[in-house]
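For the record, the sequence lines run as chains A and H. Per my numbering, the very first residue in the first sequence carries number 472; after that it's consecutive. Per my numbering, the very first residue in the second sequence carries number 2; after that it's consecutive. Built from N, CA and C at the ideal position, the CB exists for glycine as well. Only a predicted model underlies this, so the values are computations on that prediction, with no experimental measurement involved. For reference, the structure is listed below as structure tokens.
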Amino acid sequence: GAGVSQTPSNKVTEKGKYVELRCDPISGHTALYWYRQSLGQGPEFLIYFQGTGAADDSGLPNDRFFAVRPEGSVSTLKIQRTERGDSAVYLCASSLNLHTGELFFGEGSRLTVL
Amino acid sequence: QKEVEQNSGPLSVPEGAIASLNCTYSDRGSQSFFWYRQYSGKSPELIMFIYSNGDKEDGRFTAQLNKASQYVSLLIRDSQPSDSATYLCAVNRAAGNKLTFGGGTRVLVKP
Numbered sequence: 472g473a474g475v476s477q478t479p480s481n482k483v484t485e486k487g488k489y490v491e492l493r494c495d496p497i498s499g500h501t502a503l504y505w506y507r508q509s510l511g512q513g514p515e516f517l518i519y520f521q522g523t524g525a526a527d528d529s530g531l532p533n534d535r536f537f538a539v540r541p542e543g544s545v546s547t548l549k550i551q552r553t554e555r556g557d558s559a560v561y562l563c564a565s566s567l568n569l570h571t572g573e574l575f576f577g578e579g580s581r582l583t584v585l
Numbered sequence: 002q003k004e005v006e007q008n009s010g011p012l013s014v015p016e017g018a019i020a021s022l023n024c025t026y027s028d029r030g031s032q033s034f035f036w037y038r039q040y041s042g043k044s045p046e047l048i049m050f051i052y053s054n055g056d057k058e059d060g061r062f063t064a065q066l067n068k069a070s071q072y073v074s075l076l077i078r079d080s081q082p083s084d085s086a087t088y089l090c091a092v093n094r095a096a097g098n099k100l101t102f103g104g105g106t107r108v109l110v111k112p
């Protein structure tokens with residue numbers, strides 16, 4: 472498809488388990504963002520990649536969260552030792568024109584930690 | 002104090018009326034300002050961006066920016082039921098930087 476693709480769309484896991492969420496951005500978009508959105512809240516910034524490198528990872532809440540983008544395209548957000556408070560929709564976005572701030576969002580991965 | 006603040010609503014407006022949404026931000030270094038619309042269960046989509054003080058119009062939407070007051074607003078004219086959604090204000094310090102979002106204002110347009 473032409474849009475940002477995120478998998479899985481839904482993930483239910485148990486507390487303490489490891490989770491990976493995948494994002495496939497729009498072809499040619501060099502910037503890739505991860506946000507987290509809880510019910511009734513706005514998206515909360517986690518990390519931003521320009522190419523393969525993390526340009527800003529200041530939003531990662533702690534060292535249980537890690538993200539990679541090894542070839543400058545697909546990105547994986549990794550969460551270790553999940554906690555119930557990690558439950559949220561994880562949104563990935565990509566951007567071509569950084570000056571307009573137009574982020575194209577995927578449909579999100581809904582994570583539920585039991 | 003949150004970096005970007007919005008009234009959570011809901012803002013209820015009759016069909017055909019003007020919906021007025023407000024947003025304040027705390028970082029005086031903010032350079033660019035954005036309004037995103039998010040339908041329930043869907044992802045955000047960009048409506049408008051504004052960089053300079055004053056008004057910017059696009060169809061039924063007008064964004065207004067006042068950097069001195071650290072205030073940005075969105076007007077929706079001739080509101081339609083299809084405008085019922087959450088409207089997210091977002092700011093960034095410079096091109097290529099992260100966008101910081103407010104909590105959103107839920108708008109309900111009643112026929």
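One finds nothing in chain H with a Cβ atom closer than 8 Å to the Cβ of residue 561 (chain A); even the nearest lies about 11 Å away. Listed as beta-bridge partners of residue 506 (chain A) by DSSP are A:516 and A:562. Nearest C-alpha to residue 31 (chain H) among H:99, H:88, H:107 and H:42: H:99.
Taking the C-beta atoms as reference points, residue 59 (chain H) is found no nearer than 8 Å to residue 20 (chain H). Nearest CB-CB separation between residue 574 (chain A) and chain H: below the 8 Å threshold.
Residue 44 (chain H) reaches chain A at 562, 576, 577, 578 and 579, counting residues in chain order whose Cβ is nearer than 7 Å. Relative to residue 54 (chain H), the option among H:33, H:105 and H:61 whose CA is nearest is H:33.
Counting only runs of at least 3 residues, the region 53-107 of chain H fully encloses the following beta strand (DSSP E) elements, listed from N- to C-terminal order: 55-59, 62-67, 72-77 and 86-93. Among the residues of chain H, none has a CB under 9 Å from the CB of residue 532 (chain A); the nearest is roughly 15 Å distant. Chain-order list of chain A residues neighbouring residue 101 (chain H): 516, by C-beta distance under 7 Å. Under a criterion of Cβ atoms nearer than 9 Å, the residues of chain A adjacent to residue 89 (chain H) are, in order, 513 and 514.
Distance between residue 11 (chain H) and residue 88 (chain H), taken at the CA atoms: about 11 Å. Per DSSP, the beta-bridge partners of residue 21 (chain H) are H:76.
For the C-beta of residue 527 (chain A), the chain H residues within less than 8 Å are, from N- to C-terminus, 98 and 99. In this structure the region 485-492 of chain A does not lie against the region 61-80 of chain H, because fewer than three pairs of beta carbons, one per stretch, are closer than 8 Å. At a beta-carbon threshold of 7 Å, the residues of chain H lying near residue 519 (chain A) are 99, ordered along the chain.
For residue 105 (chain H), the residues of chain A that pass the 7 Å Cβ criterion are 513, in the order they occur in the chain. Shown here, residue 30 (chain H) sits in coil according to DSSP, grouped into three states, outside any helix or strand. For residue 76 (chain H), no CB of chain A lies under 8 Å from its own CB, so it is not counted at the interface with that chain. Residue state for residue 556 (chain A) is assigned as helix, using DSSP reduced to three classes. With 16 or more other CB atoms across the displayed protein chains lying within 10 angstroms of its CB, residue 566 (chain A) is buried.
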